[in-house]
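Protein chains in written order, with our numbering: chain Z, 1 to 133; chain B, 134 to 521.
Think of the CB as a built atom: it goes at the ideal place given N, C-alpha and C, for glycine as much as any other residue.
So the structure is just underneath, and the comments pick up after that.
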Amino acid sequence: MKPYYSKEVIKRFTNPKNFGEIKNADAVGRVGNPRCGDIMKLYIKVEKKGGKEIIKDIKFHTLGCAAAIATSDMACDLVKGKTLKEALKIDYKKIVKELGDLPPIKIHCSVLAREGLKATVENYYAKRKGQKK
Amino acid sequence: MTKKIYLDYASTTPVDPRVLRAMLPYFNKKFGNTMSLHSFGQEAKLALERSREEVAGLIGAKTEEIIFTGSATESNNLALKGIAFANRNKGNHIIISSIEHPCIMESACWLESQGFEITRLKVDKYGQVSPKDVRTAMKKGTILVSVMHASNEIGTIQPIAEIGKICREKGVYFHTDAVQSFGKIPINVNSMNLDLLSASSHKMYGPKGAALLFVRKGVKIEPILHGGGQEIDLRSSTVNVPAIVGFARACIIAKKEMAKENKNLAKLRDKLIKEILKKIKGSYLNGHPEKRLPNNVNFWFEFVEGESMVIQLDLLGIAVSTGSACSSVKLEPSHVLLAIGLKHQEAHGSLRITLGKRTTESEVNYLIKVLPGIIKNLRKISGAEQLQ
């Protein structure tokens, strides 16, 4: 029998590297709701390099279970240094795989992290559009 | 810290060594089937009937009023379904509380699908049912009232004798799920006006696999298991003699040691409640401040999710539980916490700590020492104020 949570999940849950707030973040994404229990907030700092928009820094605040915290931390690592387009392509299965699997009832946590990334990037695009006008 | 600390006694308890010793001969020496006529069978039958007497003695029941079953879930299913189907000619209305254990809640739902009408009584903010509400909910076709004695989650003790008095007056059968209170606090089926009562062995230092349903003499009830006619035809199945012998021994021990143990548990419980509420900001007690089991503590904490606390404590060797949705298969928070008026996010931040016989003051002190740090850390990750 496998342990309920993988070593990687426990490691990231007990010692997340990416939690916290980015002051003056270029975009913020907020997903989840108090009803389901998990709330995730992502902050990004974007850098323009050779016509590409790169996630220079990303941090999170997550109110949730061990899996929600671990997926938040992993999602941050997976997109740091990537372009916004690449970040949108990360799917929840990739997050699950990198975490060394999740219990079946916790897969939705990785979906939430994926939605968080999407919401953050969309917030960035919306802000940029607003600035242009 | 390598020593493990078990603070989840409401979930299950370790078998008392004296119970285990009493059980051992019944596995391979006195192993007969209670239905056999030969000496092996009669030896087992004797042990069964002696056990029945011992168990009955703990709650003031008559020996023949104790039906042994395999689990509390089975006892509760038998109580609800057995009474419902045996008394259909009298009516189809059953009253339960909204904070019952899932085996009562689900049995009631199933009965609803079979054409019975279920009333689920609200509870106050401490989790108590009002006897007045029971009286108001009764009508012509009411055949059964079932209200749990003490909550498995928040430890609140119900005014069972009062509710029972109303049921008696109205001629309605009264059942209580006493799984958490049986062997823990005094119970008398007569002074509490009970017609049926469920209890389980493994919650009181007996083995798993033995439970009981007290059925007052004269109560009309149908079996749900049909077969060889064991347990006065109410629970056909080969009798689990070793487990029942263990259950009975656990009852004898409980009768003798309950008062002293409760004094000790209540002291530890009160210390834990006082210290945690003092040390941790945004912490609240769930359940009744006084009318609660001596071993139950249940909090909710702002801006922390319950499962993450359980996992953090487990990593330190401390075993507790939560009513958070994140720990449930259904991804819904505890119906009990919602029934006492907690919002979803509040119920998600709940933590249940249940003490037992082996709990020491130094174990409680250790929890008091580590919990504030765990919560502080998780609140940093949740960004408490940013999420408001």
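### Message
For the alpha helix (DSSP H) containing B/Met442, name the first residue and the last one.
### Response
One-based indexing of the second sequence puts residue 442 of chain B at position 309. Where B/Met442 is concerned, the enclosing alpha helix (DSSP H) starts and stops at Gly439 to Leu448.
#### Entry: Residues bridged to B/Ile377 [DSSP beta-bridge criterion]
Taking the second sequence and counting its residues from 1, the one referred to as residue 377 of chain B is at position 244. B/Ile377 is not bridged to any residue.
### Task
Taking 9 Å as the cut-off, decide whether the C-beta atoms of B/Ile354 and B/Ala219 are in contact.
To locate residue 354 of chain B, count along the second sequence from 1; it is residue 221. To locate residue 219 of chain B, count along the second sequence from 1; it is residue 86. Cβ distance < 9 Å, so B/Ile354 and B/Ala219 count as in contact.
### Task
Report the partner residues of B/Tyr338 according to the DSSP bridge assignment.
Translated into the one-based positions of the second sequence, residue 338 of chain B becomes position 205. None, per the DSSP bridge assignment.
### Message
Going by DSSP, what residue range makes up the beta strand (DSSP E) through Z/Lys48?
### Response
As a first step, residue 48 of chain Z must be located in the first sequence, where it is residue number 48. Counting along the chain, the beta strand (DSSP E) containing Z/Lys48 begins and ends at Ile39 to Lys49.
### Message
Run through chain B and tell me which residues come within less than 7 Å of Z/Ile212, C-beta to C-beta.
### Response
The structure shown does not extend to residue 212 of chain Z, since chain Z spans only 1 to 133, so no value can be given for it.
### Task
Would you please state the rounded distance, in angstroms, between the beta carbons of B/Leu140 and B/Leu488? I believe it to be under 8 Å.
Stepping through the second sequence from its first residue, residue 140 of chain B is reached at position 7. Stepping through the second sequence from its first residue, residue 488 of chain B is reached at position 355. Rounded, the Cβ-Cβ distance is 6 Å, consistent with contact.
### Query
Under the rule that 16 or more other beta-carbon atoms within 10 Å means buried, what is B/Asn373, buried or exposed?
Counted from its first residue, the second sequence places residue 373 of chain B at position 240. Per the 10 Å Cβ criterion, buried.
### Query
Z/His61: buried (16+ other C-beta within 10 angstroms of its C-beta) or exposed?
Position 61 of the first sequence, counting from 1, holds the residue named residue 61 of chain Z. Flag for Z/His61 reads buried.
### Task
Apply the 10 Å Cβ neighbour rule to B/Asp149 and answer buried if 16 or more other Cβ atoms are within range, or exposed otherwise.
As a working note, residue 149 of chain B is residue 16 in the second sequence. Its Cβ being crowded by 16 or more others within 10 Å, B/Asp149 is buried.
### Message
Could you check whether Z/Arg35 and Z/Leu99 sit closer than 9 Å to each other, using their CB atoms as the reference points?
### Response
Here the question's residue 99 of chain Z lines up with position 99 in the first sequence. Here the question's residue 35 of chain Z lines up with position 35 in the first sequence. Not in contact: Z/Leu99 and Z/Arg35 (Cβ atoms no closer than 9 Å).
### Task
Locate the beta strand (DSSP E) running through Z/Asp32, then write down its first and last residues.
Working through the first sequence from its first residue, we reach residue 32 of chain Z at position 32. According to the sequence displayed, residue 32 of chain Z carries Gly and not Asp. In this chain, the beta strand (DSSP E) harbouring Z/Gly32 covers Ala27 to Gly32.
### Query
Using a beta-carbon distance below 9 Å, is Z/Ile22 in contact with chain B?
Position 22 of the first sequence, counting from 1, holds the residue named residue 22 of chain Z. Judged by the 9 Å Cβ criterion, Z/Ile22 is not in contact with chain B.
### Query
Taking any Cβ of chain B, which residues in the segment 27 to 42 of chain Z have a Cβ under 9 Å from it, in chain order?
Arg30, Asn33, Pro34, Arg35, Cys36, Gly37, Asp38, Ile39 and Lys41
### Query
Would you say B/His468 faces chain Z, with C-beta separation under 9 Å as the test?
Indexing the second sequence from 1 puts residue 468 of chain B at position 335. For B/His468, the answer is no, since every Cβ of chain Z falls outside 9 Å of its Cβ.
### Query
Whose CA, out of Z/Asp38, Z/Ser6, Z/Leu112 and Z/Asn33, lies closest to the CA of B/Ile514?
For the purposes of this step, residue 514 of chain B is taken as the residue at position 381 of the second sequence. Looking at the Cα atoms, Z/Asp38 is the closest of the given residues.
### Query
For chain Z, is any of its Cβ atoms less than 9 Å away from the one on B/Cys459?
Mapped onto the second sequence, residue 459 of chain B falls at position 326. With a threshold of 9 Å between beta carbons, B/Cys459 makes contact with chain Z.
### Message
At the level of alpha carbons, what is the spacing between B/Phe380 and B/Cys236?
### Response
Within the second sequence, the letter at position 247 stands for residue 380 of chain B. Within the second sequence, the letter at position 103 stands for residue 236 of chain B. Between the C-alpha atoms of B/Phe380 and B/Cys236 there is a straight-line separation of about 21 Å.
### Under the three-state DSSP convention, the category B/Leu520 falls into
The residue you call residue 520 of chain B lines up with position 387 of the second sequence. With a pLDDT of 48 at B/Leu520, under the threshold of 50, the predicted position of this residue should be treated as unreliable, and no value is reported.
### Message
So, under 8 Å CB-CB, B/Leu345 and B/Ile508 are touching, yes? Tell me the CB distance rounded to an integer number of Å.
### Response
Taking the second sequence and counting its residues from 1, one reaches residue 345 of chain B at position 212. Taking the second sequence and counting its residues from 1, one reaches residue 508 of chain B at position 375. Going by Cβ atoms, the distance from B/Leu345 to B/Ile508 rounds to 40 Å, so no, they are not a contact pair.
### Message
Using the Cβ count rule (16 or more neighbours within 10 Å means buried), how would you classify B/Met325?
### Response
The residue you call residue 325 of chain B lines up with position 192 of the second sequence. Buried, because 16 or more other Cβ atoms sit within 10 Å of the Cβ of B/Met325.
### Message
Less than 9 Å between CB atoms is the rule here; does Z/Tyr5 satisfy it with respect to chain B?
### Response
Taking the first sequence and counting its residues from 1, the one referred to as residue 5 of chain Z is at position 5. Output row for Z/Tyr5: interface = yes.
### Query
How would you list, in chain order, the residues of chain Z whose beta-carbon sits under 8 Å from the beta-carbon of B/Val503?
By 1-based counting over the second sequence, the position of residue 503 of chain B is 370. Listed along chain Z, no residue sits closer than 8 Å to B/Val503 by beta-carbon distance, the nearest being about 13 Å off.
### Query
Between B/Leu446 and chain Z, is there a C-beta pair that is closer than 9 Å?
Reading the second sequence from its first residue, position 313 is the one you call residue 446 of chain B. No, B/Leu446 does not count as interfacial toward chain Z.
### Task
Could you tell me which chain B residues have their CB closer than 7 Å to the CB of Z/Leu63, listed as they occur along the chain?
Locating residue 63 of chain Z in the first sequence gives position 63, counting from the first residue. By Cβ distance, chain B contributes Phe436, Glu438, Ser515 and Leu520.
#### Entry: Proximal chain B residues relative to Z/Pro16, where beta-carbon distance stays under 8 Å
Taking the first residue of the first sequence as 1, we reach residue 16 of chain Z at position 16. Within 8 Å Cβ-Cβ: Ile514.
### Query
Buried or exposed: where does Z/Cys65 fall if 16 or more other Cβ atoms within 10 Å of its Cβ makes it buried?
Counting from 1 along the first sequence, the entry for residue 65 of chain Z is found at position 65. Under this definition Z/Cys65 is a buried residue.
### Query
Does B/Leu358 come within less than 9 Å of chain Z when only Cβ atoms are used?
Stepping through the second sequence from its first residue, residue 358 of chain B is reached at position 225. B/Leu358 does not count as touching chain Z.
### Message
Since B/Ser314 and B/Ala283 should fall inside the 8 Å C-beta cutoff, what is the C-beta to C-beta distance between them, to a whole number of angstroms?
### Response
For this step, residue 314 of chain B is matched to residue 181 along the second sequence. For this step, residue 283 of chain B is matched to residue 150 along the second sequence. Their Cβ separation, rounded to whole angstroms, is 4 Å, which keeps B/Ser314 and B/Ala283 in contact under 8 Å.
### Task
Give a yes or no on whether the minimum CB-CB distance between B/Val378 and chain Z is below 9 Å.
Indexing the second sequence from 1 puts residue 378 of chain B at position 245. Output row for B/Val378: interface = no.
### Query
Where are the beta strand (DSSP E) runs, 3 residues long or more, that stay fully inside the segment 292 to 340 of chain B, in chain order?
Listed in chain order, they are 306 to 310 and 329 to 333.
#### Entry: chain Z contacts made by the segment 481 to 496 of chain B, where a contact means CB separation under 7 Å
His481
### Task
Return the chain-ordered list of same chain residues with a C-beta closer than 8 Å to the C-beta of B/His171, the five sequence neighbours on each side being excluded.
Along the second sequence, one-based indexing puts residue 171 of chain B at 38. Cβ contact annotation for B/His171 (same chain, cutoff 8 Å, sequence separation greater than five): Gly165, in chain order.
### Query
Which first and last residues belong to the alpha helix (DSSP H) in which B/Ile501 is found?
Within the second sequence, the letter at position 368 stands for residue 501 of chain B. Residues Glu494 to Ser515.
### Query
Do you know offhand how far Z/Glu47's Cα is from Z/Asn15's?
As a first step, residue 47 of chain Z must be located in the first sequence, where it is residue number 47. As a first step, residue 15 of chain Z must be located in the first sequence, where it is residue number 15. CA-to-CA, the gap between Z/Glu47 and Z/Asn15 works out to about 27 Å.
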